[in-house]
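Notes follow the structure.
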Amino acid sequence: MADFLPLLPRAAGEAIAFRDGLPLSVAAFRREASSLAARLPAQGHAVDLCADRSHSLVAFAAAVLRGHPVLLGGGRAGAAQFLPTAARFPDAYVLADAPVAGCPLPVIRLDGAPPAGEAPPWPDIPAGRTAAIAFTSGSTGAPSAHPKPWDALVAAAQAAATRFGLREGDGPPAAVAATVPAQHMYGFETTIMLPLQAQVAVEAKETFFPGDVLAALERLPGRRILVSTPLHLRALLSGDAPARPPAAVVSATAPLGRELAAAVEERWAAPVLEIYGASEAGSVASRRTVEEEAWLPYPGIAMEEAAALVPGLGRVPLGDALQLLPDGRFRLLGRIADIVKLGGKRASLGELNRALADVEGVQDGVFVVPDDLERNPAARLSAVVVAPGRSAEDILLGLRRRLDPAFLPRRLRLVEALPRDALGKLPRRALLALEGK
1 MADFLPLLPR
11 AAGEAIAFRD
21 GLPLSVAAFR
31 REASSLAARL
41 PAQGHAVDLC
51 ADRSHSLVAF
61 AAAVLRGHPV
71 LLGGGRAGAA
81 QFLPTAARFP
91 DAYVLADAPV
101 AGCPLPVIRL
111 DGAPPAGEAP
121 PWPDIPAGRT
131 AAIAFTSGST
141 GAPSAHPKPW
151 DALVAAAQAA
161 ATRFGLREGD
171 GPPAAVAATV
181 PAQHMYGFET
191 TIMLPLQAQV
201 AVEAKETFFP
211 GDVLAALERL
221 PGRRILVSTP
231 LHLRALLSGD
241 APARPPAAVV
251 SATAPLGREL
261 AAAVEERWAA
271 PVLEIYGASE
281 AGSVASRRTV
291 EEEAWLPYPG
301 IAMEEAAALV
311 PGLGRVPLGD
321 ALQLLPDGRF
331 RLLGRIADIV
341 KLGGKRASLG
351 ELNRALADVE
361 GVQDGVFVVP
371 DDLERNPAAR
381 LSAVVVAPGR
391 SAEDILLGLR
401 RRLDPAFLPR
411 RLRLVEALPR
421 DALGKLPRRA
431 LLALEGK
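Okay, structure coming up:
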């Protein structure tokens, strides 16, 4: 790959975002980003807390032009949890499009209306410059930092554009609506990097609730793509079907059950495509869940039994064990750290959770592994389940048909909701507190 790569290799008249249904052109976007870059400090690490996704695009482009890495946390919803992590960087500052109450870092507000005139020429970006730093969710411990050089981000965006037919000449430009924040690695790749590098325009307005998603799909033009999670897809199925279904649905952040994928495809008449990746490596593979168990690596990605070879990053260890197949695809064998051993038998926590999700009436649920499982012969698994109208005995009966008796939960607690974050993840400390009530 070249030593320098463009930030935005797109024509001036193309749409890069839609604000209130109106296109934001590449030319107008360049003016906004250039104006903001001129107001940034000489050095720093940027934290994007914008609610408007087009403002997040402007914030990222301005930071890259200034040479500032962007710290990828949880967005405005997760600001309270992420800002102490960002404060590890003495020169960190916040970019926001609304007041940020109690923020411990300096805040730079986006101006609003773009300036008139032409944007100054944009230099190409050094390939090895760190453009973003992704942090793990911290759901199982303290968040860890993973720098992303510019060439790795560009290579990943180009690979995704190739896989999903989003390059110039692949068809009409795509309009993306997303239920995931732009500040999470998955949302960042699909709603920030793709619009910068592919024929994609992103919906600016937040689309978190089912009504927001349906409204966005109704107003977006052309080839619409929904970027979401299994948690959001399940909620969407419980409401009205979209009057204008998307051309495709993309899912990540948690395993997508085949039954859920099939239900979305049947109701929305759109293929559901699942992405596999991690904060450490970014997105590395995809599959159509209803048709394939195995995953196909992105162009340029090579897989090992517990690692990915990623352009710009090299060999990146993964938390999952993989079974490599002769055709270049792979199967997931489960999280290496989530292998549960009981009674001389093994199972992955992911397999157990999928079995729980397949029990009739279960809307959400998770197995809980006690901290002393390996050293206490009497320790057993428990489960926390959302299943309105069903009893614990009903759920256990369904599990007995699917699991070895050794892995049946000794205690099964029914709750109204699990303490998931905006991406559907479950911080272990919150789960243990709930399970222990």
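Numbering of the sequence shown is given in full-length UniProt numbering, commencing with residue 1 and proceeding in unit increments.
Beta carbons are placed, not taken as given, at the ideal position from N, Cα and C, and that holds for glycine.
Since this is a predicted model, take the numbers as computed values, not measurements.
| field | Nearest-angstrom Cβ-Cβ length linking residue 204 and residue 48, presumed shorter than 8 Å | value | In fact, because the Cβ distance is near 14 Å, the residues do not count as touching under 8 Å.
| said: Given the structure, does residue 299 come close to the ligand MG, in the sense that its CB is under 6 Å from one of the ligand's heavy atoms? | reply: Looking for the ligand MG in the displayed structure turns up nothing, as the structure carries no ligands at all.
| Helix, strand or coil at residue 323 [DSSP, three-state] | The answer is strand: DSSP assigns residue 323 an E or B state.
| Near residue 210, which residues of its chain fall below 7 Å by C-beta distance, leaving aside the five closest residues on each side in sequence? | Contacts found: 235, 236, 239.
| query | Do residue 17 and residue 201 have their C-beta atoms within less than 7 Å of each other? | reply | Taking 7 Å as the Cβ cut-off, residue 17 and residue 201 qualify as a contacting pair.
| How big is the Cα-Cα spacing for residue 366 and residue 434? | Answer to the nearest angstrom: the Cα atoms are 12 Å apart.
| field | Burial state of residue 173, where buried means 16 or more other Cβ atoms lie within 10 Å | value | With 16 or more other Cβ atoms within 10 Å, it is buried.
| message | Using a Cβ distance threshold of 8 Å, determine whether the segment 356–373 contacts the segment 319–335, with at least three qualifying pairs required. | response | Taking 8 Å as the limit for Cβ pairs, the verdict is that the segment 319–335 does not touch the segment 356–373.
| field | Pick from 275, 270, 291 that is closest to residue 258, judged by C-alpha positions | value | Of 275, 270, 291, the residue nearest in Cα terms is 291.
| said: Suppose the cutoff is 7 Å on Cβ atoms and the five residues either side in sequence are ignored; what does the same chain contact list for residue 191 look like? | reply: Answer for residue 191: 53, 176, 178, 182, 202, 227, listed in chain order.
| field | Terminal residues of the alpha helix (DSSP H) in which residue 84 lies | value | Segment 79–86, the alpha helix (DSSP H) holding residue 84.
| message | Please state the DSSP three-state secondary structure of residue 279. | response | Correct three-state label for residue 279: coil.
| task | Kindly indicate which residue of 83, 32, 27, 93 has the alpha-carbon position closest to the one of residue 44. | result | Ranking 83, 32, 27, 93 by Cα distance to residue 44 puts 93 first.
| Under a three-way DSSP split, which group does residue 116 fall into? | Secondary structure of residue 116 (DSSP, three-state): coil.
| What distance in whole Å lies between the Cβ atoms of residue 122 and residue 267, which are believed to be in contact at a cut-off of 8 Å? | Between residue 122 and residue 267 the Cβ distance is about 43 Å, and since that is not below 8 Å, they are no contact.
| Length-filtered (3 minimum) beta strand (DSSP E) runs lying within the segment 346–422 | Correct list: 364–368, 382–386, 411–414.
| request: Using a threshold of 7 Å, state whether the C-beta atoms of residue 148 and residue 132 are closer than that. | output: For residue 148 and residue 132, yes; Cβs fall inside 7 Å.
| request: State the DSSP-derived secondary structure class of residue 45, mapped to helix, strand or coil. | output: Residue 45: strand per DSSP, three-state reduction.
| From residue 296 to residue 389, what does the alpha carbon distance come to, in whole angstroms? | About 40 Å.
| field | For residue 298, three-class secondary structure by DSSP | value | Residue 298 falls in the coil class under three-state DSSP.
| query | For residue 421, which residues from the same chain have a beta carbon less than 6 Å from its beta carbon, with the 5 sequence-adjacent residues on both sides left out? | reply | Nothing meets the Cβ criterion.
| said: By the three-class DSSP mapping on this structure, what secondary structure does residue 29 have? | reply: For residue 29, the three-state secondary structure derived from DSSP is helix.
| said: Whole angstroms are fine: how far does the CA of residue 146 sit from the CA of residue 279? | reply: If you draw a straight line from the Cα of residue 279 to the Cα of residue 146, it comes to about 7 Å.
| What is the rounded straight-line gap between the Cα of residue 264 and the Cα of residue 15? | Taking the straight line from one Cα to the other gives about 29 Å.
| request: Using 10 angstroms around the beta-carbon of residue 223, count the other beta-carbons present and answer buried if the total reaches 16, otherwise exposed. | output: Answer is buried; the Cβ neighbour count reaches 16.
| message | One question on the structure: do residue 244 and residue 206 come within less than 7 Å of each other, judged by their Cβ atoms? | response | Taking the C-beta atoms as reference points, residue 206 is found no nearer than 7 Å to residue 244.
| Outcome for residue 143 when other beta-carbon atoms lying within 10 angstroms are tallied against a minimum of 16 | That one is buried.
| Just the Cα atoms here: how many angstroms apart are residue 386 and residue 404? | If you take the alpha carbons of residue 386 and residue 404, they lie about 22 Å apart.
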